[in-house]
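So the sequence shown is numbered by the numbering used here: it starts at 1064 and just counts up by one.
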Amino acid sequence: MTNTMLRLQGLKKAYKGKPALRGLDLEVRHNEIFALLGPTGAGKSSTIQAIAGLLDIDEGDVFLNGHNVTELDPSSRDLSIVFEGFNLLPMLNVFDNIAFALRSPTYRETEQEITRRVQHTAELLRISQHLDRDVDTLSGGEKQRVAIARALVRQPSMFLLDEPLSSLDLKLREGLRSELRQIHQEQNSTMLYATHDYHGAISIADRIGIINNGRILQSGTIEEIFARPANAFVGRLIGSPAMAFFDARIDGDELAIKGCDQRLPIAQFDKVAAHGTEIELGVWPEDIELVNTSDAGSNPASVYAVDNRGYESAAQIQFPGGVFRKVLADGMTLQQGEHCGFRLPKGAGFLFDKASGNRVSHAERGI
């Protein structure tokens, strides 16, 4: 049996002539949590709805467990979906909200089996004590747990979670992500988790797909994506702080970087663009060294701002070619307005085409 649970092939959808999905391709494996990461308007919800059968796509195919389900109605796809909104039924208590699908004509479970599964699911999500309560009396976090329980209780072939935690505060999000991960391990389930939250994606997912403008730009483990970001947009979306970008051009056998005294040997990159080509150099902030202004190879800069992040500090460094953010090393202190220097290590960085954003080369350390 193939290891692919979900395969999307060439999905296209336009709303009033405006494309939302532009030939989207995606694969999700059995028993993994796959995060669909992208900003608002990238196409996450349209993708989720197309998989669930809630959206009539213009072109493309949806395969579940090797079967083409593109023409099947939602009730025939054996999927459970959780939205950002709770979508609970106010006339039913918590128990009956969770049990609602099991009592539908599609499933018609016995009341004994319904009770067993509702109680077990409520225990997993720590809401057993609320089963008799009206849903209107619950807090936001409790309501979202009920919504997730209602999806889990069916034990479908796959779970679709569309920004399920974005309306909750940070502590609740962190707690529910941990519980979803635990439930996934216990049930050996498959989940597609759509989110705009980078930290949420990497904390819960086995693999990540970066979506923008209705296309998947790159998918893989976070380690694979960091090692070779396929597009400048990927570098801008992931990381904390995100990738630093520098306008640059090829000048003979060197890379000339706008606003920097330092030049990098073009031989460190695996491909060479034509002389004078305008490109972008992307460097993960972790690879940028903050140094004294008098150090060899130092590029002049100043501290625009310093943010206290609790256990660490991050500085926004301003230089003649732009700005970037970097977490400060332990023991390093910088003050707003202070002059400093930075250095780009040889063997670190990626070159991106200015027009398309696609990566055209990478440094040896990026392999």
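Glycine included, each C-beta is placed from N, C-alpha and C at the ideal position.
Item to complete: Hey, could you find the ends of the alpha helix (DSSP H) A1212 is sitting in?
Response: Residues G1203 to L1215.
Worksheet item: Are R1217 and L1228 closer than 8 Å when you measure CB to CB?
Response: Contact flag unset, no.
Practice prompt. Could you pull the start and end residues of the alpha helix (DSSP H) that F1413 belongs to?
Written response: Run containing F1413: none in the alpha helix (DSSP H); it sits in the beta strand (DSSP E), F1413 to D1416.
Practice prompt. Would you tell me roughly how many angstroms separate the C-alpha atoms of G1101 and I1301, rounded to the nearest one?
Written response: Straight-line spacing of the CA atoms in G1101 and I1301 works out to 10 Å.
Worksheet item: Which of helix, strand or coil does DSSP assign to F1405?
Response: In the structure shown, F1405 sits in a strand (DSSP, three-state: E or B).
Worksheet item: What residue from R1312, I1190, A1337 and F1308 has the CA that sits closest to R1326's CA?
Response: Residue nearest to R1326 within the set R1312, I1190, A1337 and F1308 is R1312 (criterion: CA-CA distance).
Practice prompt. Below 8 Å on the Cβ atoms is my guess for G1104 versus D1088; work out the distance and round it to an integer in Å.
Written response: About 20 Å separates the two Cβ atoms, so there is no contact after all.
Worksheet item: Quick check: the stretch 1396-1412 against the stretch 1376-1386, are there 3 or more CB pairs under 8 Å?
Response: With the cut-off at 8 Å, the stretch 1396-1412 and the stretch 1376-1386 touch.
Worksheet item: For D1333, which three-state DSSP category applies?
Response: The DSSP-derived three-state label of D1333 is coil.
Item to complete: Check the DSSP bridge columns for L1224 and list the partner residues they point to.
Response: Looking at the DSSP assignment, L1224 forms a beta bridge with V1145 and Y1256.
Discussion item. Measuring alpha carbon to alpha carbon, tell me which residue in C1323, L1344 and T1340 is nearest Q1331.
Written reply: Just measuring C-alpha positions, the residue of C1323, L1344 and T1340 sitting nearest Q1331 is L1344.
Worksheet entry | Backbone CA spacing between A1212 and T1169 [nearest angstrom] | If you draw a straight line from the Cα of A1212 to the Cα of T1169, it is about 18 Å long.
Item to complete: Assess, as a yes-or-no matter, whether the stretch 1382-1395 is touched by the stretch 1341-1361 under the definition of 3 or more beta carbon pairs within less than 8 Å.
Response: The stretch 1341-1361 makes contact with the stretch 1382-1395: 3 or more CB pairs, one atom from each, lie closer than 8 Å.
Worksheet item: Do you know offhand how far I1342's Cα is from S1424's?
Response: For I1342 and S1424, the gap between their C-alpha atoms comes out near 11 Å.
Worksheet item: Between the stretch 1138-1156 and the stretch 1170-1177, do three or more beta carbon pairs fall short of 8 Å?
Response: Contact between the stretch 1138-1156 and the stretch 1170-1177 is absent: fewer than three C-beta pairs spanning the two stretches fall below 8 Å.
Worksheet item: Where does F1387 fall in DSSP's three states?
Response: When DSSP states are grouped into helix, strand and coil, F1387 belongs to the strand group.
Practice prompt. Measure the CB-CB distance between R1433 and R1092 and report whether it falls below 8 Å.
Written response: Nothing can be reported for residue 1433: it is not among the residues displayed for the chain, which extend from 1064 to 1430.
Worksheet item: Are three or more beta carbon pairs between the stretch 1239-1253 and the stretch 1200-1214 nearer than 8 Å?
Response: As far as the Cβ criterion goes, the stretch 1239-1253 touches the stretch 1200-1214, which means the pair count is three or higher.
Worksheet item: Under three-state DSSP, which class holds S1139?
Response: When DSSP states are grouped into helix, strand and coil, S1139 belongs to the helix group.
Discussion item. Pop quiz: M1019 and T1253 are said to be a contact at Cβ under 8 Å. What is the actual Cβ separation, rounded to whole angstroms?
Written reply: Given that the chain is displayed from residue 1064 to residue 1430, the structure contains no residue 1019 and the question cannot be resolved.
Discussion item. Please return the same chain residues whose Cβ sits closer than 8 Å to the Cβ of D1358, not counting the five positions on each side in sequence.
Written reply: Correct list, in chain order: G1404 and R1406.
Worksheet item: Would you call Y1078 buried or exposed, if buried means 16 or more other Cβ atoms sit within 10 Å of its Cβ?
Response: So Y1078 counts as exposed.
Discussion item. Taking the alpha-carbon of F1415 as reference, which of H1193, Q1399 and D1333 has the nearest alpha-carbon?
Written reply: For F1415, the closest alpha carbon among the candidates H1193, Q1399 and D1333 is that of D1333.
Worksheet item: Where DSSP assigns a beta bridge to F1158, which residues make up the other side?
Response: Beta-bridge partners assigned by DSSP to F1158: none are found.
Worksheet item: Who are the near neighbours of N1156 in its chain, counting only those whose CB is closer than 8 Å to its CB and skipping five residues on each side?
Response: Cβ neighbours of N1156 beyond the five flanking positions: L1194, D1195, R1196, D1197 and V1198.
Practice prompt. Please look up how many angstroms separate the CB atoms of A1368 and Q1398, rounded, as I've assumed it's under 8 Å.
Written response: Between Q1398 and A1368 the Cβ distance is about 10 Å, and since that is not below 8 Å, they are no contact.
Discussion item. For P1219 and A1185, I'd like the C-alpha separation in whole angstroms.
Written reply: Each residue's Cα considered, the two are about 17 Å apart.
Worksheet item: Considering only the beta carbon of each residue, do D1136 and G1116 sit closer than 8 Å?
Response: Cβ distance < 8 Å, so D1136 and G1116 count as in contact.
Worksheet item: So, is N1362 buried or exposed, given that buried needs 16 or more other C-beta atoms within 10 angstroms?
Response: Buried, since its Cβ has 16 or more Cβ neighbours within 10 Å.
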